[in-house]
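Novice:
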Amino acid sequence: MLIRCATTFDLMSMQHCNLLCLPENYQMKYYFYHGLSWPQLSYVALDEDNKICGYVLAKMEEEDNEIPHGHITSLAVKRSHRRLGLAKKLMDQASRAMVENFKAQYVSLHVRKSNRAALSLYTHILKFNVDDIEPKYYADGEDAYAMKKDLAPLLQQVEQDRSELRSIAKKYLKGIKCQSAESSTKTKKPVSNGDDNIEMELEKLNLADVDPNIYDEIRTVE
Numbered sequence: 019m020l021i022r023c024a025t026t027f028d029l030m031s032m033q034h035c036n037l038l039c040l041p042e043n044y045q046m047k048y049y050f051y052h053g054l055s056w057p058q059l060s061y062v063a064l065d066e067d068n069k070i071c072g073y074v075l076a077k078m079e080e081e082d083n084e085i086p087h088g089h090i091t092s093l094a095v096k097r098s099h100r101r102l103g104l105a106k107k108l109m110d111q112a113s114r115a116m117v118e119n120f121k122a123q124y125v126s127l128h129v130r131k132s133n134r135a136a137l138s139l140y141t142h143i144l145k146f147n148v149d150d151i152e153p154k155y156y157a158d159g160e161d162a163y164a165m166k167k168d169l170a171p172l173l174q175q176v177e178q179d180r181s182e183l184r185s186i187a188k189k190y191l192k193g194i195k196c197q198s199a200e201s202s203t204k205t206k207k208p209v210s211n212g213d214d215n216i217e218m219e220l221e222k223l224n225l226a227d228v229d230p231n232i233y234d235e236i237r238t239v240e
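Residue numbers for the sequence shown follow my numbering, beginning at 19 and rising by one.
This is the structure:
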């Protein structure tokens with residue numbers, strides 16, 4: 019299974035997955051609103067045939083004078099691909115993107131009071147807490163649990179990752195400066211400084227989960 023950031027080309031398939039899995043459905047313009055406003059935040063899961071089998075549609079809330087926080091508009095995984103951990107992976111990616119790009123301090127969502135399976139997922143696996151009950155939130159009049167998850171620990175981890183990467187970047191750039199002008203234009207491989215092995219330090223980090231902008235800064239030197 020592959021999890022990747024959603025693109026505008028995925029929106030039709032995401033809508034189809036939504037129609038198969040959930041009673042809350044949206045017009046295509048609402049998907050475009052998310053995709054164009056917050057292209058970093060929505061993710062899709064792909065099966066072995068490169069078809070979308072799950073998605074998370076996410077955004078940042080836009081109220082003035084509010085602390086930055088994200089919101090999960092919709093999460094769905096096709097029945098054929100459930101119990102594989104895809105929902106958690108999608109939610110983890112979206113939450114991290116909220117933190118990396120917007121410094122979100124928490125993420126919120128709504129779930130039907132009658133949806134015990136979803137409530138169990140959000141509470142026990144994804145570690146959300148019920149914050150409030152919103153009466154008649156859904157179009158059919160059903161109440162919703164308003165749920166939140168604190169992202170402060172993730173924000174702290176992201177800042178720590180960035181600090182470590184900046185430190186490695188400084189060593190990398192220092193190594194580059196030790197190379198001749200000719201070799202530095204032809205290769206981007208760092209030179210070890212004494213006992214420092216920058217490549218080994220990079221391998222120690224889980225770069226797939228680190229801010230890609232900083233990663234590119236380290237790996238590529240103009």
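The beta carbon of each residue, even a glycine, is placed where N, CA and C say it ideally should be.
#1: Quick check on R180: does DSSP put it in helix, strand or coil?
#2: Helix or strand or just coil, what does DSSP make of M116?
#3: Output needed for A94: all residues of its chain with C-beta closer than 7 Å, excluding positions within five of it in sequence on either side, in chain order.
#4: State the start and end residues of the unbroken beta strand (DSSP E) segment that holds S126.
#5: What's the call for A63, buried or exposed, on a 16-neighbour Cβ count within 10 Å?
#6: If you draw a straight line from the C-alpha of E240 to the C-alpha of A76, how long is it?
#7: When the Cα atoms are used, what is the spatial distance from M165 to H87?
#8: Could you tell me if S60 is buried or exposed, where buried requires 16 or more neighbouring beta carbons within 10 angstroms of its beta carbon?
#9: Pick helix, strand or coil for R150, following the three-state DSSP scheme.
Specialist: Answer, in terms of the structure:
#1: Helix, per DSSP.
#2: Reduced to three states, the DSSP call for M116 is helix.
#3: Around A94: C35, N36, C39, L40, G72 and Y73.
#4: In the DSSP assignment, S126 falls within the beta strand (DSSP E) that extends over Y124 to R130.
#5: Counting Cβ neighbours within 10 Å, A63 comes out buried, since at least 16 surround it.
#6: Because E240 sits at a pLDDT of 44, beneath the cut-off of 50, its placement in the model cannot be relied upon, and the following sentence gives the value as read from the coordinates. Approximately 34 Å, taken between the alpha carbons.
#7: The straight-line gap from Cα to Cα measures roughly 13 Å.
#8: When all chains shown are included, S60 counts as buried.
#9: Position check: residue 150 holds Asp in this sequence, whereas Arg was assumed. If DSSP states are grouped into helix, strand and coil, D150 belongs with the strands.
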